[in-house]
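Chain order of the listed sequences is A and B.
Its first residue numbered 1, the first sequence is counted upward by one per residue in the numbering used here.
Its first residue numbered 290, the second sequence is counted upward by one per residue in the numbering used here.
Worksheet: the structure to be examined is printed underneath.
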Amino acid sequence: MNDIYSPERGAGAHEIIKVENVSYDYVSGEQVSRGVRGVSLTVRKGEFVVLLGHNGSGKSTLAKLLNGFIVPAEGKVTVEGIDTRDDKRIYELRAKVGMVFQNADNQMVASVIENDIAFGPENLGVPRDEIEKRISWALDAVNMSEHRRRSPNKLSGGQKQRIAIAAILAMYPDVLILDESTAMLDPKGRGEIMETISRLNKEKGLTVILITHYMDEAIAADRIFVMNEGRIIKEGKPREVFSDTEKIAEAKLELPVASRISAELRRAGLDIPFALTDEELAEGLCRLK
Amino acid sequence: MRDMTLGQYYPADSFTHKLDPRVKLLLVIAFIVMVFLVKNLIAYSAIILCVVIGTLVSRIPLIKVLKSIKGIIFLVLFTAVLNLIFHKGETVLWSWWRITISVEGIFFSLKMALRLILLVAGTTLLTYTTTPTGLTDGMESLMYPLKLIKVPTHDIAVIMSIALRFIPILSEEVDKIMMAQKARGASFDTGGIVKRAKALLPVLIPLFVSAFRRADELALALDARCYNATPNRTRYQVMKLSYRDVIAVLGTAVFLVSVIALNMNFWGAYVPPENLWWLFS
């Protein structure tokens, strides 16, 4: 049951999401507010991609473009070759691109966890015994099996969000998008979610797109896209992106403490490498002569 | 308010808990009809017996049932008093202006109070022994004839399920808003009724704003989970009739027949003794 996702990953893997020069603005009456402008990106199968950006940078708009909640005014978004404008295949697309939102409470429809997780597969017309299997698999994937027959109300924030992730996983999506799903959680809850999604990505090969404004959540990413004012202003591996302190400042993001300290120390002339984590910083400091 | 996580559901492993929700719904409807049909006290005693047996079989603590009755005690007393003073009987005990208290009135108001209490005690047996999901699934299944005339029965069931799910969330939200208002000096438990009602207004507005915001995200979440993707939706929870349901239906049918027999004085088979007339009226 562990390998519903093929282990295909890395540079050779095929491109699962293609965003080509996409623009989208929110129009209400006379008022036009910026969504995204001229964004292009691709996500390969098995990748862990992070979209970083401040409030209003357009990152959530981009997320909504990926599963067809909104369709681009210009440009084109395709998922596994399906155009998000294709109304006839919209549910097929949404089953491929599962999305988890900010507030777990607002995503649950049933008062018992297993019934809530069954909701997605039921909507897709999955046969009953198959749904049974999927519930066990999805709960196991987020380490919540013992809560199967309980009510979601007594759970902690992190646990609720893990149930919301399981509810999406039960639809067997190709891509999991987390739209600010850690924003409302305490540090412990955020830790639980980060641990869960990186495990899903590493062990099960699930493609993950995490949308956040916390830079420390991006450290483990394969690739990072930094967004500001509707555009992607920086793209690359975590180390590349983090060390570009100018772009980070432009995007009004806050570097993790270790990176900030190491950047300041380097500026002051000390010979230490740019650090992403506390451990790296400690190691760099210890090596100083 | 805290312990309403599963509606009123009281988890236990009993005969009633295992019954098909559809059967329970139908039995409760039969029970309600029965309670409204019954006129004399002898027949009422049979219904009381029926409720007591039901509670015992369901392994629900008596205190839980009493609690549910406590919720309507004001209504019961209010109707009892109204019935007592306005019921027109022949054997008048005391009378002033339009108010008359008669022997018949006393029995009438007693029976009405009993009727209300039995209604609640009987129907809470359903909500105590059935999960909200079971209830909504059962209702959807019973609404099948409506589906044939294009009533969106599944949507109705999903709406009910979501409503049940959000009751505890919104009640928690009310607590939070009230605390926030209290922190800013608002007072909800002083003053007359009008003042208290006015004090609630600043709670209701943020509550509605938040509810709409939640509804927005919920709508997206429903779409993300492919709600209405296919007309051939499957179900995870299947309802199956078992021997238990047959027993429950037969048992209730026996009660139903005996209650009617008692109610109609065995179709007039005998004349009640003179001093016991009140039992049979």
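Every residue, glycine too, gets a C-beta built ideally from N, C-alpha and C.
Asked, Found
"Compare the Cα-Cα distances from ALA220 of chain A to each of A:SER198, A:GLU264, A:LEU288 and report the closest residue.", "A:SER198"
"Mind checking if TYR91 of chain A is an interface residue toward chain B, Cβ cutoff 8 Å exclusive?", "yes"
"Can you tell me where the alpha helix (DSSP H) holding MET227 of chain A begins and where it ends?", "No alpha helix (DSSP H) contains MET227 of chain A, which is instead part of the beta strand (DSSP E) from 223-228."
"Is it the case that the Cβ atoms of ILE448 of chain B and MET432 of chain B are separated by a distance below 8 Å?", "no"
"Which residue comes first and which comes last in the alpha helix (DSSP H) that contains ASN552 of chain B?", "532-552"
"With 16 other CB atoms within 10 Å as the buried threshold, where does TRP386 of chain B fall?", "exposed"
"Is SER28 of chain A buried or exposed, if buried means 16 or more other CB atoms sit within 10 Å of its CB?", "exposed"
"Do the region 200-209 of chain A and the region 146-157 of chain A make contact, defined as three or more Cβ pairs closer than 8 Å?", "no"
"Take the Cβ of THR420 of chain B as the centre, count every other Cβ of all protein chains shown within 10 Å, and call the residue buried at 16 or more, exposed below.", "buried"
"Taking DSSP as the reference, what is the three-state secondary structure of ARG37 of chain A?", "strand"
"Once DSSP output is grouped into helix, strand and coil, what is the label at ASN21 of chain A?", "strand"
"Within the continuous alpha helix (DSSP H) that includes VAL447 of chain B, where are the two ends?", "442-472"
"Beta carbons nearer than 9 Å to chain A: which residues of the region 513-543 of chain B have them?", "ALA513, ARG514, CYS515, TYR516, ASN517, ALA518, THR519, PRO520, ASN521, ARG522, THR523, ARG524, TYR525, GLN526, VAL527"
"Output needed in chain order: residues of the region 125-144 of chain A with a Cβ under 9 Å from some Cβ in chain B.", "GLY125, VAL126, PRO127, ARG128, GLU130, ILE131, GLU132, ILE135"
"Pull up the CB-CB distance for GLU20 of chain A and SER40 of chain A, whole angstroms please, since I reckon it's below 8 Å.", "6 Å"
"Is the Cβ of ASP105 of chain A closer than 8 Å to any Cβ of chain B?", "yes"
"Could you round the C-beta distance between TYR24 of chain A and ILE70 of chain A to whole angstroms and report it? I think they count as a contact, below 8 Å.", "6 Å"
"Does the beta carbon of GLU393 of chain B sit closer than 8 Å to a beta carbon anywhere in chain A?", "no"
"To test your reading of the DSSP string, which unbroken alpha helix (DSSP H) runs of 4 or more residues are found completely within the region 291-358 of chain B?", "304-307, 310-326, 330-347"
"Determine the extent of the alpha helix (DSSP H) in which GLY284 of chain A is found, giving its start and end residues.", "278-286"
"HIS213 of chain A: which of A:GLU122, A:GLU195, A:SER181 sits nearest, CA to CA?", "A:SER181"
"Who are the neighbours of GLU122 of chain A on chain B, taking C-beta pairs under 8 Å?", "ARG522, THR523, ARG524, TYR525"
"For LEU453 of chain B, would you say it is in contact with chain A, using Cβ-to-Cβ distances shorter than 8 Å as the test?", "yes"
"With distance defined between alpha-carbon atoms, name the residue in B:GLY378, B:ALA513, B:ASN329 nearest to TRP400 of chain B.", "First, the amino acid is wrong: residue 400 of chain B is Lys here, not Trp. Ranking B:GLY378, B:ALA513, B:ASN329 by Cα distance to LYS400 of chain B puts B:ASN329 first."
"Since ILE349 of chain B contacts TYR299 of chain B with CB under 8 Å, what's their CB separation in whole angstroms?", "6 Å"
"For THR420 of chain B, return the contacting residues in chain D, with the cut-off set at a CB-CB distance below 9 Å.", "Among the protein chains in the structure shown, which are A and B, there is no chain D."
"Starting from LEU210 of chain A, trace the beta strand (DSSP E) both ways and give me its first and last residue.", "207-212"
"Excluding the 5 residues flanking ALA296 of chain A on each side, which residues of the same chain have their C-beta closer than 8 Å to its C-beta?", "Past the boundaries of the shown model lies residue 296 of chain A; chain A is included only from 1 to 289, so the question cannot be answered."
"Leaving out the 5 sequence neighbours to the left and right, which residues in its chain are closer than 7 Å to ALA488 of chain B when beta-carbon positions are compared?", "ALA475, SER476, PHE477"
"Would you please state the rounded distance, in angstroms, between the beta carbons of ALA332 of chain B and ASN552 of chain B? I believe it to be under 8 Å.", "4 Å"
"Can the beta-carbon of VAL77 of chain A be found closer than 8 Å to that of ILE168 of chain A?", "no"
"At the level of alpha carbons, what is the spacing between LEU530 of chain B and GLY540 of chain B?", "16 Å"
"So, helix, strand or coil for THR42 of chain A, using DSSP?", "strand"
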